[in-house]
């Protein structure tokens with residue numbers, strides 16, 4: 000099978016190029032691909048969908064595992080679609096880690112088409128107490144992800160589109176949608192790292208002592224990060240933050256007692272707000288003399304720029320660590336570095 004895998008990859012890539020890429024995946028054709036869960040050096044193959052668990056495993060396991068991340072650095076997570084090469088990487092995983100939730104429905108679909116007998120599957124959202132995504136005052140109800148929608152399945156009737164949008168908004172208020180950004184609170188990161196360490200130790204007992212020793216040191220650093228956030232909140236002159244963007248910090252706000260206002264919830268696919276939403280956020284900043292408007296990473300920042308220009312508030316990044324740029328990835332930037340920068344920026348916003 001090891002000899003066949005390169006041929007499978009080559010065939011899949013050629014097929015993708017000929018069909019224009021990003022077509023709907025026929026996952027049934029991957030049933031025959033059986034995973035080799037260790038690399039040539041005997042290291043466990045560990046695959047993550049996005050950056051936070053990639054960095055957690057990097058801290059816990061170092062070079063004792065063969066670690067891969069499916070989401071390319073700089074890419075937007077909510078619109079990610081796996082390539083044929085990604086699917087083979089998934090199949091060859093001894094441990095596969097993903098967030099879970101609505102944005103990862105594609106993961107469940109692909110895993111359901113595979114033989115996962117030799118794979119341990121870890122969902123981060125199951126390692127913590129999950130919170131519902133919420134719509135706060137002034138926020139626009141999001142267009143939900145339509146994971147079964149494809150470019151060739153469209154409606155030409157504009158009236159039908161408007162009708163569907165109305166029902167999407169109604170459906171959002173009726174359904175329970177869990178917020179997926181569980182790692183944005185260091186308190187949750189600690190829980191996830193502990194659970195990942197035990198999972199790794201069970202799968203690869205020969206390295207269990209190494210994993211647990213590294214995890215203990217890493218958890219101590221995460222606890223220091225948690226204490227830094229607590230110190231900022233204790234010294235804060237206010238508890239309200241404003242985002243001219245999506246808001247993927249539901250867990251951070253919940254765990255540290257923050258009130259927030261934003262244009263969209265964290266997993267909204269929308270990027271252009273209504274005039275009413277922008278006006279609400281501008282008025283909120285003016286009324287409460289809030290000194291900072293935040294944006295998130297990999298954003299076009301246009302909304303935050305507008306609000307900053309209209310109010311005089313400073314514009315700062317609060318990085319959700321969903322993904323990082325290629326330059327940061329190559330430089331080895333870590334979750335801890337990102338979150339410590341967030342501590343500094345949050346202190347400025349809460350003056």
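Numbering (our numbering), first residue to last: 0 to 350.
Cβ coordinates follow ideal geometry from the N, Cα and C atoms, glycine included.
Note that the structure is predicted; figures quoted are calculated from it, not measured.
Whose CA, out of the options, lies closest to the CA of residue i?
| i | options | result |
| --- | --- | --- |
| residue 92 | 258, 105, 301, 65 | 65 |
| residue 186 | 227, 279, 301 | 227 |
| residue 283 | 271, 76, 182, 309 | 309 |
| residue 197 | 188, 85, 210, 189 | 210 |
| residue 275 | 315, 189, 302 | 302 |
| residue 335 | 182, 77, 83 | 182 |
| residue 229 | 84, 300, 342 | 342 |
| residue 178 | 201, 289, 131 | 131 |
| residue 279 | 119, 252, 199, 242 | 242 |
| residue 346 | 83, 234, 121 | 234 |
| residue 312 | 49, 291, 327, 332 | 291 |
| residue 203 | 124, 133, 262, 118 | 118 |
| residue 232 | 323, 246, 251, 245 | 251 |
| residue 122 | 246, 134, 249, 101 | 101 |
Can you give me the Cβ contacts of residue i inside the same chain, cut-off strictly under 6 Å, excluding the 5 residues immediately before and after it?
| i | result |
| --- | --- |
| residue 61 | none |
| residue 403 | The shown model of the chain, from 0 to 350, leaves out residue 403, and the question about it has no answer. |
| residue 340 | none |
| residue 296 | 318 |
| residue 42 | 64, 65 |
| residue 88 | 46, 67 |
| residue 237 | 349 |
| residue 337 | 318, 320 |
| residue 103 | 97 |
| residue 158 | Because the pLDDT of residue 158 is 40, which lies under 50, any placement of that residue in the model is unreliable, and the number read from its coordinates should be weighed accordingly. Once the five neighbours on either side are set aside, residue 158 has no close Cβ partner at all. |
Using C-beta distances below 8 Å, list every residue in its chain close to residue i, excluding the 5 sequence neighbours before and after it, in chain order.
| i | result |
| --- | --- |
| residue 192 | 55, 58, 59, 214, 217, 218, 221 |
| residue 37 | 43, 44, 65, 93 |
| residue 40 | 65 |
In chain order, what residues of the same chain lie with their CB nearer than 7 Å to the CB of residue i, ignoring the 5 residues before and after it?
| i | result |
| --- | --- |
| residue 273 | 139 |
| residue 371 | Here the chain comprises residues numbered 0 to 350, so residue 371 is not present and cannot be evaluated. |
| residue 281 | 306, 309, 310 |
| residue 254 | 184, 186 |
| residue 300 | 294 |
| residue 344 | 315, 316, 317 |
| residue 51 | 182, 320, 334 |
| residue 247 | 180, 183, 265, 295, 319, 321 |
Throw me the rounded Cβ distance for the residue i and residue j pair, which I believe falls under 8 Å.
| i | j | result |
| --- | --- | --- |
| residue 293 | residue 257 | Residue 293 to residue 257, Cβ: 11 Å. No contact. |
| residue 260 | residue 137 | 6 Å |
| residue 69 | residue 46 | 7 Å |
| residue 277 | residue 305 | 6 Å |
| residue 190 | residue 127 | 5 Å |
| residue 249 | residue 263 | The pair is not a contact, with the Cβ atoms about 12 Å apart (cut-off 8 Å). |
Could you spell out where the beta strand (DSSP E) holding residue i opens and where it closes?
| i | result |
| --- | --- |
| residue 258 | 258 to 264 |
| residue 294 | 291 to 294 |
| residue 46 | 43 to 47 |
| residue 119 | 119 to 122 |
| residue 242 | 239 to 246 |
| residue 251 | Here residue 251 belongs to no beta strand (DSSP E); instead the alpha helix (DSSP H) covers 249 to 255. |
| residue 313 | 313 to 316 |
Taking 8 Å as the CB-CB limit, is residue i close to chain C?
| i | result |
| --- | --- |
| residue 234 | Among the chains of the structure shown, chain C does not appear; only one protein chain is present. |
In terms of residues, what are the limits of the alpha helix (DSSP H) holding residue i?
| i | result |
| --- | --- |
| residue 276 | 274 to 287 |
| residue 50 | 50 to 60 |
| residue 345 | 334 to 348 |
| residue 68 | Careful: residue 68 lies outside any alpha helix (DSSP H), inside the beta strand (DSSP E) at 64 to 68. |
| residue 326 | 325 to 329 |
| residue 306 | 301 to 310 |
message = Threshold first: 4 residues or longer. Then list the alpha helix (DSSP H) segments lying entirely within the segment 80 to 116, N to C.
response = 83 to 90, 104 to 110
request  = Kindly provide the ranges of any beta strand (DSSP E) runs that are 3 or more residues long and lie completely inside the segment 170 to 210, ordered along the chain.
outcome  = none
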